Amino acid sequence: MNFIIMRVVRAVLTMVLVVTAVFFASRISGNPIDIMFPEGLSPEEYAFWENYFGLDKSYFQQYLAYFRGLIQGNFGLSLTEFRPVTEIYAERLPNTIYLFGSAFLLALAVGLPLGIYAAVNRDKPITTAIMAVAFFGYAIPNYILAIFMILIFSFWLHLMPSSGNMTWVHFVMPTVTLAMAMMAWNIRFTRSAMLEILNEDFVRTARAKGLREVVVINKHALRNAMIPIVSNLGLQVAGFVGWVVLVEAVFALEGIGALIVRGALLRDFAVLQFGIIVWAAVVIAANLIVDFIYTLLDPRVRIVK
Amino acid sequence: MKRLLTTTAILLAAATAQANELTVGVANMSSYLEPGTDHSNVGSQYYVNTFETLLGKDAFSSKAKFEPMLATSWELLGPRRARLTIREGVKFHNGDEMTIEDVLFSFQAMMNVTHPARVERSREMFSNIARVEQVDATTIEIITKRPEPLMELLLNQQNGMILPKKYLMGLTGDPNVDETSDYIAFGLAPVGTGPYKITEFTPSESLVWERFDDYWGEPAPYERVTVRFIPELSARVTALVNGEVDLVTNIPPDQLPVIDNTPGFKTEGAVTPLFHVVFFGTGERNPKVTPELRKAMMLAVDRDLLNEALWEGKAVVPSTHTYPQFGDFYTPDIITFRHDLDEAKKIVAENNLEGTELLFHTHPVYYTNGVLAAQAMQEMWAEIGINVSLNVAIERPNASIREVANWSNPMYFADPHGSFGKMWAPTGAGISRGFWEPSIGIEEYTKLYDAFRYETDVDKRNAAFARVMEEVERDAPFFIKYQPYESWGMRADLDWAPFPGHIPYVLDFRAGYIGDEKNGINK
Chain A
1 MNFIIMRVVR
11 AVLTMVLVVT
21 AVFFASRISG
31 NPIDIMFPEG
41 LSPEEYAFWE
51 NYFGLDKSYF
61 QQYLAYFRGL
71 IQGNFGLSLT
81 EFRPVTEIYA
91 ERLPNTIYLF
101 GSAFLLALAV
111 GLPLGIYAAV
121 NRDKPITTAI
131 MAVAFFGYAI
141 PNYILAIFMI
151 LIFSFWLHLM
161 PSSGNMTWVH
171 FVMPTVTLAM
181 AMMAWNIRFT
191 RSAMLEILNE
201 DFVRTARAKG
211 LREVVVINKH
221 ALRNAMIPIV
231 SNLGLQVAGF
241 VGWVVLVEAV
251 FALEGIGALI
261 VRGALLRDFA
271 VLQFGIIVWA
281 AVVIAANLIV
291 DFIYTLLDPR
301 VRIVK
Chain B
1001 MKRLLTTTAI
1011 LLAAATAQAN
1021 ELTVGVANMS
1031 SYLEPGTDHS
1041 NVGSQYYVNT
1051 FETLLGKDAF
1061 SSKAKFEPML
1071 ATSWELLGPR
1081 RARLTIREGV
1091 KFHNGDEMTI
1101 EDVLFSFQAM
1111 MNVTHPARVE
1121 RSREMFSNIA
1131 RVEQVDATTI
1141 EIITKRPEPL
1151 MELLLNQQNG
1161 MILPKKYLMG
1171 LTGDPNVDET
1181 SDYIAFGLAP
1191 VGTGPYKITE
1201 FTPSESLVWE
1211 RFDDYWGEPA
1221 PYERVTVRFI
1231 PELSARVTAL
1241 VNGEVDLVTN
1251 IPPDQLPVID
1261 NTPGFKTEGA
1271 VTPLFHVVFF
1281 GTGERNPKVT
1291 PELRKAMMLA
1301 VDRDLLNEAL
1311 WEGKAVVPST
1321 HTYPQFGDFY
1331 TPDIITFRHD
1341 LDEAKKIVAE
1351 NNLEGTELLF
1361 HTHPVYYTNG
1371 VLAAQAMQEM
1381 WAEIGINVSL
1391 NVAIERPNAS
1401 IREVANWSNP
1411 MYFADPHGSF
1421 GKMWAPTGAG
1431 ISRGFWEPSI
1441 GIEEYTKLYD
1451 AFRYETDVDK
1461 RNAAFARVME
1471 EVERDAPFFI
1481 KYQPYESWGM
1491 RADLDWAPFP
1501 GHIPYVLDFR
1511 AGYIGDEKNG
1521 INK
């Protein structure tokens, strides 16, 4: 119980620190009203909007007001859309979850078996081919891959929609694009983790006992290799914004990665702050889940009470 | 694999092409839709399908031909008084019937402003209206402070579109008061009387119009029109040729062949009633940017060369702030802006301006070719010894530190007061925002301007406008670069083109304004 309370307290403190840092850093960059109205405003109108969004108060007063709102469940109004940021995120979060979730599962479903195969059959030509694909996927930036896919499948072949998120078909190219680098990462990571384990004495012993190869690989090698692999997957989830942001931008997919970047670019403070809160929550949740999976994979890992 | 590809193609076709629908990919999307507050080039794309004014105007004609809209008839009872009969049986999109109360309220909202964001619009457009009186259940009279030669033009303005009083006031707070928050909430859930009602609006992202079945006039040709924000030019072009959208906006000249050379697609373009301008810091806050320096910089810019290089010669380089749409008030003989390198160098030498350093601000994408033009002018100014560095950023520095910047001056209505005046009248945006502090003083300038604004004789009015432009040439707060040529890409079977009688960028999809072979719609 204490453990859970400690984790929650630590998580809340982390969030408060992150939001505080973002709150002040974004305001130092300047006044959003200059960006909201690029054609300029009369002094009366400028003053009106400053007052409406509370930007005429000192940073400290704004900070207190923001935290008062947070306690009441009010995460603020978007400065560019004049509506609660929670409403905006509620509209966009499902798109990012579909995109990242399907790419993550695809990368896992393809990357993990290929990584294992490449480790077990390291001298076969097909392994060289797999590693070449992994190298390609790892090396090519996803926005370049995205543009190539649009060019081939939309512009030339007219097979796929190039932008938007209206139907599941719209998610196919963004998902494949996003999954490519994650899959490459999974193949390389799984292969190296497995190679390390396959050289261990206990694997040799298992084989010497006459166990079938499939049991040696799945039960003895893979289970031990899973700890670093799960850590890697946890990092992928925690870094989801970094993964999706460019893909969402190129495919004009209305997700939260693009929203957070827009929040930073247009100084839409409430949007940016809430985005960071969501992101921090995902990081914390990912860490908790990874910790939990560790305990399932390795009985020696237990929560210290 | 082939089967998979075929299935996907069928699904894609099903997802994108549905009966009697139009999908538009736009470069700019509004964050709110409130016609009384908005006067941006972004917002002007969307209002005519949703909202209506008292008087309509023939958009196919560049001349001001007015026609009944929410007023069935009108009569000018004298230079300061107009009488209008309000149409009966008109419904708002929320089902409420439009009454004279709504009309009076819409004027009230512009004249007796409670919403500070409407102050500027009110000052620019309706400052001459003294009061609006109800004569009977369907008749109103508009009385102005001074003789108003532009009465009909004012009654056709986007800022004067008719709003639903009860709905708007009931959005937030006290339902009997039009609070500021009501207008802001209205901008997110707009309701008008036009042929299309807005059924979905995601600010800065997308908009869906559906045919309004209770519309008083000819029904909208489309059941549904979807507008999607696709900011990247290449993404917009791809979406068009891939069949995801039917029409795209803002195609620069160098991209026109990409669309025109693709079978089944075409482009339509026109010189837009909008000027791209360069304006300067003025007044005591900008002592370095003197009238002499400003004039020398205007003279140094070879605008014809900019037109050739950036617009393939399709833009228009005017000699003064005037548009052919002004009819009798079109004054191309006035020469306010010109290119004379020798004179520019002479002014620099006489006033010891060589080596002056200035910062030029420009938005990265808002003005088509804006950054390229800035870079070209940077070289032209270097030729006369003025060193200008560029600041390419979304935000524009406030008036006190701004030295040179890009801007645009659209034609809001077909009269010098509706374009030059909207920006540079004593009540205009350029002066109220502090862009220009006339060196002759605001009182003198107001006298000079009003002599033109309220003159009813054509020749005298044009002569008075020439005197205003002489002051602009002398004080040089800004100069016009060109009138840009803007293009739209579309399916080849769409019969749509920008309208000479509209303000810039209007996407008009009302009956008679668009033809669509695929959907069986005749223009």
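Protein chains in written order, with our numbering: chain A, 1 to 305; chain B, 1001 to 1523. Every residue, glycine too, gets a C-beta built ideally from N, C-alpha and C. These numbers come from a predicted model, not from an experiment.
- Following the DSSP letters along the chain, one finds tryptophan 1074 of chain B inside the beta strand (DSSP E) bounded by residues 1071 to 1078.
- At least 7 angstroms separates the beta-carbon of isoleucine 187 of chain A from that of alanine 225 of chain A.
- A Cβ-Cβ contact shorter than 7 angstroms links glutamate 81 of chain A with proline 1203 of chain B.
- In the DSSP annotation of this structure, the continuous segment of the alpha helix (DSSP H) that includes tryptophan 1311 of chain B starts and ends at 1303 to 1311.
- Proximity to threonine 1072 of chain B across B:Leu1155, B:Leu1171, B:Asp1213 and B:Gly1043 peaks at B:Leu1155, based on C-alpha coordinates.
- Looking at the DSSP output, isoleucine 1129 of chain B sits in a beta bridge with B:Thr1144.
- Along the region 1232 to 1265 of chain B, going in chain order, the ones with a CB nearer than 7 angstroms to a CB of chain A are Ala1235, Thr1238, Ala1239, Val1241, Asn1242, Gly1243 and Glu1244.
- Here the alpha carbon of threonine 1362 of chain B sits roughly 11 angstroms from the alpha carbon of arginine 1402 of chain B.
- When C-alpha distances from threonine 1139 of chain B are compared across B:Pro1438, B:Gln1325, B:Val1103 and B:Ala1189, the shortest belongs to B:Val1103.
- Residues of chain A whose Cβ lies closer than 9 angstroms to the Cβ of serine 1031 of chain B are, in chain order, Met36, Ser78, Thr80, Glu81 and Phe82.
- The three-state reading of DSSP puts asparagine 1409 of chain B in strand, counting E and B together.
- Taking a C-beta cut-off of 9 angstroms against chain B, the contacting residues of the region 7 to 32 of chain A are Gly30, Asn31 and Pro32, listed in chain order.
- For histidine 1417 of chain B, the secondary structure class from DSSP, reduced to helix, strand or coil, is helix.
- The Cβ neighbour count for arginine 1474 of chain B, taken over all protein chains shown within 10 Å, is under 16; the residue is labelled exposed.
- A buried status is given to glycine 164 of chain A, since no fewer than 16 other beta-carbon atoms sit within 10 Å of its beta-carbon.
- Threonine 1226 of chain B is bridged by DSSP to B:Thr1023 and B:Val1208.
- Within chain B, no residue has its CB atom less than 7 angstroms from the CB of isoleucine 260 of chain A, the nearest being about 14 angstroms off.
- Isoleucine 1386 of chain B sits in coil when the DSSP states are folded into three classes, being neither helix nor strand.
- Out of B:Phe1478, B:Glu1034, B:Asn1391 and B:Met1377, the CA that lies nearest to the CA of proline 1190 of chain B is found in B:Glu1034.
- The C-beta of isoleucine 1230 of chain B comes closer than 7 angstroms to at least one C-beta of chain A.
- For lysine 1295 of chain B, the enclosing alpha helix (DSSP H) begins and ends at 1291 to 1300.
- Between methionine 1169 of chain B and alanine 1270 of chain B, the alpha-carbon positions lie close to 40 angstroms from each other.
- Residues of the region 1421 to 1447 of chain B whose Cβ lies closer than 8 angstroms to any Cβ of chain A, in chain order: Ala1429, Ser1432, Arg1433, Gly1434 and Phe1435.
- Excluding residues up to 5 positions away in sequence, Thr1362 and Asn1406 lie with their Cβ nearer than 6 angstroms to the Cβ of glycine 1370 of chain B in the same chain.
- Residue pairing by DSSP places isoleucine 1521 of chain B opposite B:Asp1516 in a beta bridge.
- At a cut-off of 7 angstroms, the C-beta of proline 161 of chain A has a neighbouring C-beta in chain B.
- Shown here, methionine 166 of chain A sits in coil according to DSSP, grouped into three states, outside any helix or strand.
- Taking a beta-carbon distance threshold of 7 angstroms, histidine 158 of chain A counts as an interface residue toward chain B.
- Not a single C-beta of chain B is nearer than 7 angstroms to the C-beta of glutamate 248 of chain A.
- Under the criterion of beta carbons closer than 8 angstroms, threonine 1322 of chain B and proline 1416 of chain B qualify as touching, at roughly 7 angstroms.
- Looking at the DSSP output, tryptophan 1488 of chain B bridges to B:Glu1268.
- One Cα belongs to proline 1426 of chain B, the other to alanine 270 of chain A, and the distance between them is close to 37 angstroms.
- Of all alpha-carbon atoms in B:Arg1087, B:Ala1239 and B:Asn1387, the one lying nearest the alpha-carbon of glycine 1025 of chain B is that of B:Ala1239.
- Beta bridge pairing from DSSP links glutamate 1097 of chain B with B:Lys1091.
- Between the region 143 to 153 of chain A and the region 236 to 251 of chain A, the count of C-beta pairs closer than 8 angstroms reaches three or more; the two stretches touch.
- Within the region 131 to 200 of chain A, the alpha helix (DSSP H) runs of at least 4 residues that lie entirely inside it are, in chain order, 142 to 149 and 172 to 198.
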